[in-house]
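Using this note's numbering, the first residue of the sequence shown is number 55, and each one after it goes up by one.
As structure tokens, the structure follows; a few thoughts come after it.
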Amino acid sequence: MLSRKIGIDLGTATVRIFVKGEGVVVNERSDHKRTLHELIGKANGRPRLFRPDVVVSVPSAVTSGERRAVTEAAISAGARQVWLIDEPLAAAMGAGLPIAEVRATAICELGAATTEIAIISRSGTVVEHSLAVGGNDLDRAIARRLSIDERAAEAVKIAVGSAVPLQEPLVTTVNGQEVSSNAVLEAIEAPLRMIAGAVRDVLRQTPAGLAADVRERGIVLSGGGAQLRGLDRYISVHAGIPATVAAEPQTSVVRGTGMALENFEVLKRNQSYIR
């Protein structure tokens with residue numbers, strides 16, 4: 055292989071990089087001081103004669119100017135060719151959804167800052183919506199409720215957080231006080247309602263035939279936020295469609311960028327190809 059193929063997920067909380075033949079080689083907290091040049095250099099390894107081909111995932115709501123800025127930064131960092139792919143499409147590919155079929159599939163990518171929802175058919179996005187609510191909002195809600203900082207709130211969410219009442223509530227201790235999963239559920243109820251409402255809104259905007267496909271097939275949850283206990287059951291009840299969590303949901307997007315490197319037609323079809 056003359057030119058390396060690199061997929062990049064520049065998440066708000068975590069940056070992940072996929073290299074063809076090696077898998078996910080970088081999976082670490084985002085450091086905004088690190089440039090795209092450094093990240094591509096790290097993934098590319100030793101100096102090479104041929105520059106790498108790069109796919110970068112971007113939120114579906116980013117502007118054309120922001121897309122251009124990412125592309126120019128990647129080219130300046132040494133990329134030979136750059137493609138941009140919307141996060142929900144990459145997540146659907148990484149989650150193994152049959153995006154090429156005529157029958158519609160649905161994905162809900164729950165990131166740190168945003169939730170991206172998309173209906174996909176024939177390798178293209180039919181309806182998509184970006185909601186400015188994500189895992190960070192759950193952390194902030196818990197922090198306010200318990201009067202703790204957001205890092206501690208995230209730890210509480212991971213330890214006992216649940217989107218539904220548990221038969222045997224979980225309990226953890228923070229700053230000397232006991233916190234139950236029920237208390238966390240009360241704290242995060244508002245952002246959870248917003249996410250379920252966004253899923254319902256996307257379904258209402260979907261053509262009837264494709265909406266019927268989604269109601270039959272359900273929606274797949276990906277992203278770090280999908281790891282919240284019981285979120286699939288919450289979405290099933292409050293959005294009115296079956297919901298399941300992708301395998302390894304936190305890496306769906308970056309694995310999807312890697313798959314997109316082998317499927318240029320998907321990239322070109324979605325007008326994300328820039329030379």
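The beta-carbon is built from N, C-alpha and C at its ideal position, and this holds for glycine as well.
Computed from a prediction, not measured in an experiment: that's the story for all the values here.
Rounded to whole angstroms, what is the Cα-Cα separation between residue i and residue j?
i: V214; j: V225; result: 6 Å
i: R205; j: T179; result: 35 Å
i: Y327; j: D255; result: Caution is warranted here: a pLDDT of 45 is assigned to Y327, below 50, making its placement in the model unreliable, and the coordinate value is therefore given only provisionally. So the two alpha carbons sit approximately 29 Å from each other.
i: L285; j: E208; result: 16 Å
i: A265; j: V156; result: 12 Å
i: S290; j: T117; result: 32 Å
i: R329; j: I94; result: Reliability of the predicted coordinates at R329 is poor, the pLDDT of 42 falling under 50, and the value obtained from them is presented with this limitation in mind. Rounded to whole angstroms, R329 to I94 spans 17 Å at the Cα level.
i: M313; j: N81; result: 17 Å
i: D267; j: V108; result: 33 Å
i: T169; j: V181; result: 14 Å
i: A123; j: Q221; result: 49 Å
i: R283; j: S130; result: 42 Å
i: P106; j: V112; result: 19 Å
i: P167; j: T68; result: The sequence given here places Ala at residue 167; Pro does not occur at that position. If I take the Cα positions, the gap works out to 11 Å.
Could you please give the first and the last residue of the uninterrupted beta strand (DSSP E) stretch that includes residue i?
i: L330; result: Lying outside 55 to 329, the shown extent of the chain, residue 330 is not represented and no answer is given.
i: G312; result: Per DSSP, G312 belongs to no beta strand (DSSP E); it is in the alpha helix (DSSP H), 306 to 314.
i: A301; result: Element bounds for A301: n/a, residue is neither H nor E.
i: A206; result: Looking at the DSSP string, A206 is not in any beta strand (DSSP E); the run it does join, the alpha helix (DSSP H), is 204 to 214.
i: S111; result: 107 to 112
Beta carbon of residue i: closer than 7 Å to some heavy atom of the ligand ZN?
i: V80; result: This structure lacks the ligand ZN, and indeed carries no ligand of any kind.
If you run the structure through DSSP and keep just helix, strand and coil, what is residue i?
i: N229; result: coil
i: R283; result: strand
i: G77; result: strand
i: L224; result: coil
i: S234; result: strand
i: V268; result: helix
i: V218; result: coil
i: R247; result: helix
i: S175; result: strand
i: R254; result: helix
Please confirm whether residue i and residue j have their CB atoms less than 8 Å apart.
i: A145; j: G310; result: yes
i: V238; j: K211; result: yes
i: A197; j: S177; result: no
i: A252; j: L185; result: yes
Got a sec, what are the start and stop residues for the alpha helix (DSSP H) residue i sits in?
i: G189; result: 189 to 200
i: S276; result: Looking at the DSSP string, S276 is not in any alpha helix (DSSP H); the run it does join, the beta strand (DSSP E), is 273 to 276.
Compare the C-beta of residue i with all C-beta atoms of chain B and state if any pair is closer than 8 Å.
i: P219; result: Although the question refers to chain B, the structure presented lacks it and comprises just one protein chain.
Can you check the region 117 to 159 for any beta strand (DSSP E) of at least 3 residues that lies completely inside it and give the ranges in chain order?
135 to 140
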